[in-house]
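Here is the structure we will look at.
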Amino acid sequence: MMSAPMKISIAALKMWYGIALAEFSVSFVLWCVTFLLVAAIIYKSSVRHLYKNSPSLAFIFAICLLSGVFSMALLLFWISILTGLFPDQRKRAQLLLTLDMLVQSSRFEYDVATLALFVRRLTILVAPMKPRKFLVKFHVMCTILLSCGIVAAVIQLYIFHILGDASPIPEGCFSGLCLSQLRNKYTLPLIFRLTLTLSILSVGMAFLLLLRRKKFKSAADDKINKTVRYLFYIRILMEFLPVVTDTIVSKTFGIYITSYIGPYTIVGYAVECTASIFSYYKVLSRKTHKVGTAMKSSLEIGLRVCGKPVNADSACSASRSRRVSKSVANWLTPFTL
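Start counting the sequence shown at 2; every next residue gets the next number (the numbering used here).
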């Protein structure tokens, strides 16, 4: 996105409007896909099961849903402005900055939750024999305190400095960076996000190095570890590499890649959240399929040993029917006594 108003030609302005509208539309679709993926994960497993296996990962999914609601509202408002459905110049800048504040706050919550997840898995690798209940409470407390502190700083910055200095939306402006005259105030959230990203990458590298030396017998731990590994790669692709690339290109050629699609734009965040949740969905689906195949194979072996005709599908159906009948009988027992 363009980060500052500038004098541009009509043809270039139309191009920028087209790019912005395409980015906002793609981001909205990605958030819709994210909600569908979360629903599919809950359908395959359950919220309680996910929280029991990894409270930090469950917190990340909850933050993604909350951030998705704020982001979709912001995207719809930008689309309505670009299409001319909201012409009021006085109110829309304030509303845009308010929605931008909510999105930025939820993104910090997501970064802190991701860092807590990496620290949690690293702690389990370093000290697997320590009681997990105490560690879970400790990590949850630290996550809440750190995220609340950063979010409070961001909200204070917006309320006391940026919201009160909102200006009408200039031509070629498609982000919150050019809605206020105090653009230098945005460097504080940028420093926070860069610090969190570097912390996540540092802890993630230590986690991957230790993960190669240790193996988990629990299928739940294996799922979480694979998901955390994917989150590390996604963070590199969507946060770290774009920052390095944009810095090199801007210093060398004077071209800012973040003007189109960058690490701190809303479309990049939508891609990261969607990819993160999709990685866990794939891990969950793959494991479920393997477990079902293993059960079917063991059943076939048992039937061969007993000297009976091998029909694993019908045997599975019969076993499932017996379990359902037993459950119904147990439920009806109090009423028949």
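Just so it is clear, CB atoms sit at the ideal spot from N, CA and C, and this is done for glycine as well.
Classify residue i: buried if its beta carbon has 16 or more other beta carbons within 10 angstroms, exposed otherwise.
i, result
"G255", "exposed"
"A271", "buried"
"C149", "exposed"
"Q105", "buried"
"E172", "exposed"
"R236", "buried"
"A23", "exposed"
"S51", "According to the sequence displayed, residue 51 carries Leu and not Ser. Per the 10 Å Cβ criterion, buried."
"K224", "buried"
"V48", "exposed"
"R214", "exposed"
"M239", "buried"
"T196", "exposed"
"L191", "exposed"
"G413", "For the chain, the structure presents residues 2 to 338; residue 413 sits outside this window and is missing."
"M142", "exposed"
"S81", "exposed"
"T198", "buried"
"T253", "exposed"
"S277", "buried"
"G19", "exposed"
"L58", "buried"
"L146", "exposed"
"I249", "exposed"
"L86", "exposed"
"M16", "exposed"
"K309", "Here K309 scores only 47 on pLDDT, less than 50, and its place in the model should not be relied on; the value that follows carries that caveat. Exposed."
Alpha helix (DSSP H) containing residue i: first to last residue?
i, result
"T253", "242 to 254"
"M239", "That residue, M239, is in no alpha helix (DSSP H); it is neither H nor E in DSSP."
"C65", "56 to 83"
Ordered along the chain, which non-local residues of its own chain (more than five positions away) have a Cβ less than 6 Å from that of residue i?
i, result
"A221", "N54"
"L75", "L100, V104"
"A342", "In the structure as shown, the chain starts at 2 and stops at 338, and residue 342 therefore has no counterpart that could be examined."
"F25", "L76, W79, I80"
Identify, in the order they occur along the chain, each residue of the same chain with its Cβ nearer than 8 Å to the Cβ of residue i, setting aside the five sequence neighbours on each side.
i, result
"H290", "Unreliable placement is indicated for H290, whose pLDDT of 45 sits below 50; no coordinate value is reported for it."
"A295", "For A295, the predicted structure reports a pLDDT of 46, less than 50, and the residue's modelled location is therefore unreliable. A value from the coordinates is still provided. Contacts found: none."
"R287", "none"
"V127", "L211"
"A21", "M2, W79, L83, F175"
"S68", "V104, S107, R108, E110, Y111, Y270, C274"
"F36", "L66, G69"
"L209", "R230, F233"
Please decide whether residue i counts as near chain D, where near means a Cβ-Cβ distance under 9 Å.
i, result
"C274", "In the structure shown, chain D does not exist; there is a single protein chain."
Leaving out the 5 sequence neighbours to the left and right, which residues in its chain are closer than 7 Å to residue i when beta-carbon positions are compared?
i, result
"V152", "S106, F109, E110"
"Y282", "L38, A41, I42"
"M73", "F29, W32"
"K227", "V284"
"F71", "L100, L103, V104, S107"
"F241", "T198, L202"
"F279", "L38"
"S46", "L285"
The ligand MN and residue i: does the residue's C-beta get closer than 8 Å to at least one heavy atom of that ligand?
i, result
"T228", "Judged by which ligands are present, the structure shown has none, so any question about the ligand MN falls away."
Worksheet item: Per the contact definition of three or more C-beta pairs closer than 8 Å, is the stretch 201 to 208 in contact with the stretch 108 to 123?
Response: Counting Cβ pairs under 8 Å, three or more are found: they touch.
Worksheet item: Between the stretch 235 to 252 and the stretch 31 to 46, do three or more beta carbon pairs fall short of 8 Å?
Response: Fewer than three Cβ pairs drawn from the stretch 235 to 252 and the stretch 31 to 46 lie within less than 8 Å of each other, which leaves the two stretches out of contact.
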